[in-house]
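To start, the structure under review is shown below, and the notes come after it.
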Amino acid sequence: MTTKRVVDITVKVNGKEHSAAVEPRLLLVHFIREHLALTGTHIGCDTTNCGACTVLLDGRAVKSCTLFTVQADGRELRTIEGIGNTSALHPLQEGFKEKHGLQCGFCTPGMIMSACALLEKKPHPTEEDIRWGISGNLCRCTGYQNIVKAVQYAADKMSASAPQA
Amino acid sequence: MIPKAFDYCRPKTLPEAVSLLQQHGDAAKILSGGQSLIPMMKMRLAQPEYLIDINQIGGLDYIKEEDGYLKIGSLTREADLEASDLIRSKYPLILDTAFSIADPQVRNLATVGGNLAHGDPANDHPATMLALNAEVVATGPTGERSVPIKDFFVSLFTTALQPNEILTEIRIPVPPARSGGAYFKLERKVGDFATVGVAAQVTVDATGTCQQAGIGLTNVGGTPIKANKAEEFLRGKPLDDGNIGQAALLAADDAHPSSDLRGPAEYKISMVRELTKRALTKALNRASQER
């Protein structure tokens, strides 16, 4: 077996810099879950379909099961742990709670990250915008109705608290 | 799923990338958006020894009109096509196509160049570029060469690119006035590969007579297919229901799908016929609105 080179990388995750030496084949989702112990990002299908592993790479939603860790070198990541916490929920997290946007909860972190990217681009989304924005995320419990309501709740709350232009 | 181990190279310039390709030949693969390659590597259908990541090379990410062409840099992301005012206002066929590819997360990474260079007949841009009579620019050790898209798709997953060449640009002739296009894709669910896809681009004169027609077919053969017979049939004829119907029959004649999970071959042929009608009709409507 030939030995493959390990690569040194530095990634900013939720505002904090992390350096590591990684195998080039290490998938980003494995780096996030196993090296950084940020297990809020889930592995669902592992085949680029379900969106449970969605994170923000330089602000854009991507599926971290379909990206190598080395590709994130020098870039900025945001995961569900960087969105809010139990004492200060992000409006999206609050929306999922208030509107019953989750049942088993497995898809929720990915849903929230996709919704987060959507709201940054479109602070006042229509229902169609929301459905389009989460079209890369599968939920097998809710039928999506309440997820859409949860995102709408967050959009309304965020725009109400946003400083008036 | 874990890919086989590989060495990773991240060239900063195009000549550097080309020289890495020369050095490693068939053992190397280019990593662009990675949305097809990485899944294939995870399933170990692809096992490159070297991965050459071209994402850090500057100047391969643009959408502009120049010298009578729409020029798209090969590293342009699908999401950038969706957001481009130029594409939105003037190239409805390309916009339709970008929107139909996979899902938002995938489109944030997937590139137009990769969608073509992968040589997968199930990808969506090939049919569109066939309908638009595009050219692709291949950059190798001796510089650039331009390949007409009709000669680009050689066989399943094989293109006219040499092992030491990188696809760097897509050139589409700027369509004349009264042109329009549309892409119709039949899919089982959002984000799926096409059961059947049809791209159509037409140019009409003031009386509604067809000056030029381009038709490309997705996922109904070993390569993306240009429906030559239908295109020739339409030239010089009024784009009425009768002629559109006849062109749809001719396009279906050029399709050679196989039966699979997405449906039997007969069904797919019949869908080519229907989608060709719809795509031509919508293309004509858009051409008629264009002044």
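Residue numbers (my numbering), protein chains in the order written: chain A, 1 to 165; chain B, 1001 to 1291. The beta-carbon is built from N, C-alpha and C at its ideal position, and this holds for glycine as well. No experiment lies behind these values; they were computed from the predicted model shown.
To which residues of the same chain is B:P1003 closer than 6 angstroms at the C-beta, ignoring the five residues directly before and after it? Only residues of its own chain outside the window of five on either side were considered, and among them M1041 and K1042 have a CB closer than 6 angstroms to the CB of B:P1003, listed in chain order.
Output yes if chain A places a C-beta closer than 8 angstroms to the C-beta of B:F1153; else output no. It does not: the Cβ of B:F1153 has no partner Cβ on chain A nearer than 8 angstroms.
N-terminal and C-terminal residue of the beta strand (DSSP E) that B:T1218 is part of: Secondary structure note for B:T1218: its beta strand (DSSP E) is the uninterrupted segment C1210 to T1218.
Chain-order list of residues whose beta-carbon lies under 6 angstroms from that of B:A1123 (same chain, five-residue window excluded): Note on identity: in this sequence residue 1123 of chain B is Asn, with Ala being the wrong assignment. Contacts found: N1115.
Between which two residues does the alpha helix (DSSP H) holding B:A1279 run? Element bounds for B:A1279: A1265 to Q1289.
Taking only beta-carbon positions, decide if A:V29 is within less than 8 angstroms of chain B. Proximity of A:V29 to chain B, defined by a Cβ-Cβ separation below 8 angstroms, is not satisfied.
Pull up the CB-CB distance for A:G136 and B:Q1105, whole angstroms please, since I reckon it's below 8 angstroms. 4 angstroms between Cβ atoms; contact.
Give a yes or no on whether 8 angstroms exceeds the smallest Cβ distance from A:N49 to chain B. For A:N49, at least one C-beta of chain B is nearer than 8 angstroms to its own C-beta.
Would a C-beta distance cut-off of 8 angstroms place A:H124 and A:S161 closer than the cut-off? No; because the gap between Cβ atoms is not below 8 angstroms, this pair is not in contact.
Cβ of B:P1011 less than 8 angstroms from any chain A Cβ? Cβ-Cβ to chain A under 8 angstroms: no for B:P1011.
What's the call for B:L1261, buried or exposed, on a 16-neighbour Cβ count within 10 Å? Classification for B:L1261: exposed.
Three-state secondary structure (DSSP) of B:D1080: Per DSSP, reduced to three states, the secondary structure at B:D1080 is helical.
From the beta carbon of A:P109, is the nearest beta carbon of chain B less than 8 angstroms away? No, its Cβ sits nowhere closer than 8 angstroms to a Cβ of chain B.
Proximal residues, the stretch 51-64 of chain A versus chain B, C-beta separation under 7 angstroms: Considering only beta carbons, the part of the stretch 51-64 of chain A lying closer than 7 angstroms to chain B consists of G51, T54, R60, A61, V62 and K63, in chain order.
Three-pair Cβ contact test at 8 angstroms for the stretch 4-19 of chain A versus the stretch 60-79 of chain A: The answer is yes - the stretch 60-79 of chain A touches the stretch 4-19 of chain A, with three or more Cβ pairs under 8 angstroms.
Cβ contact (3+ pairs, closer than 8 angstroms) linking the stretch 1070-1086 of chain B and the stretch 82-98 of chain A: Output reads no: the stretch 82-98 of chain A does not touch the stretch 1070-1086 of chain B.
Could you tell me the alpha carbon to alpha carbon distance between A:R60 and B:G1025, rounded to whole angstroms? Note on geometry: alpha-carbon atoms of A:R60 and B:G1025 lie some 33 angstroms from one another.
Excluding sequence positions up to five away, which residues of its chain have a Cβ less than 6 angstroms from the Cβ of B:T1209? For B:T1209, where only same-chain residues beyond five positions count, the Cβ hits under 6 angstroms are P1238.
For A:F31, which residues from the same chain have a beta carbon less than 7 angstroms from its beta carbon, with the 5 sequence-adjacent residues on both sides left out? Only V22 and T69 meet the Cβ criterion.
With a threshold of 8 angstroms, are at least 3 pairs of Cβ atoms found where one atom belongs to the stretch 105-115 of chain A and the other to the stretch 38-52 of chain A? The stretch 105-115 of chain A vs the stretch 38-52 of chain A: in contact.
When you compare the CB positions of B:Q1153 and B:P1126, do they come within less than 8 angstroms of one another, or not? Per the sequence presented here, residue 1153 of chain B reads as Phe, with Gln not at that position. Cβ distance < 8 angstroms, so B:F1153 and B:P1126 count as in contact.
Just the chain A side, please: which residues come within less than 8 angstroms of B:Y1008 by C-beta, in chain order? Close partners of B:Y1008 in chain A (Cβ separation under 8 angstroms): R5, V7, P24, F68 and V70.
Bridge-paired residues (DSSP) for A:A61: Beta bridge pairing from DSSP links A:A61 with A:L56.
Any beta strand (DSSP E) of 3 or more consecutive residues that is wholly inside the stretch 1036-1064 of chain B: Every beta strand (DSSP E) of 3 residues or more that sits fully in the stretch 1036-1064 of chain B is shown, in chain order, as 1050-1053.
Quick one: what does DSSP say A:L36 is sitting in, helix, strand or coil? In the structure shown, A:L36 falls within a coil segment according to DSSP collapsed to helix, strand and coil.
Less than 8 angstroms separating the beta-carbons of A:N14 and A:E120? No.
So, helix, strand or coil for B:A1160, using DSSP? Looking at B:A1160 - three-state DSSP - the assignment turns out to be coil, as it is neither helix nor strand.
How would you call B:V1190, buried or exposed, if buried means at least 16 neighbouring beta carbons within 10 angstroms? B:V1190 is exposed by the Cβ-count criterion.
Determine the chain B residues that contact A:D46 at a beta-carbon separation under 9 angstroms, and present them in chain order. What A:D46 touches in chain B: M1001 and K1042.
Have a look at A:R131, A:T142 and A:T126 and flag the residue whose alpha-carbon is nearest the alpha-carbon of A:D156. Of the listed residues, the one whose Cα sits closest to A:D156 is A:T126.
Compute the Euclidean distance between the alpha carbons of B:R945 and B:D1254, then round it to the nearest angstrom. As shown, chain B starts at 1001 and ends at 1291. That puts residue 945 of chain B outside it, with no answer to give.
Considering only the beta carbon of each residue, do B:Q1201 and B:G1181 sit closer than 8 angstroms? Note that the C-beta distance between B:Q1201 and B:G1181 is below 8 angstroms.
For chain A, find out if any of its Cβ atoms is closer than 8 angstroms to the Cβ of B:V1204; answer yes or no. Not flagged as an interface residue toward chain A: B:V1204, since no C-beta distance is shorter than 8 angstroms.
Between B:P1048 and B:A1027, is the Cβ-Cβ spacing less than 8 angstroms? B:A1027 is positioned such that its CB atom lies closer than 8 angstroms to that of B:P1048.
Looking at B:K1090: is its Cβ nearer than 8 angstroms to the Cβ of B:R1171? The Cβ atoms of B:K1090 and B:R1171 do not sit closer than 8 angstroms to each other.
Within a Cβ cutoff of 6 angstroms, which residues of the same chain sit near B:R1273, ignoring the five residues on either side of it in sequence? These residues qualify, in order along the chain: A1248 and A1252.
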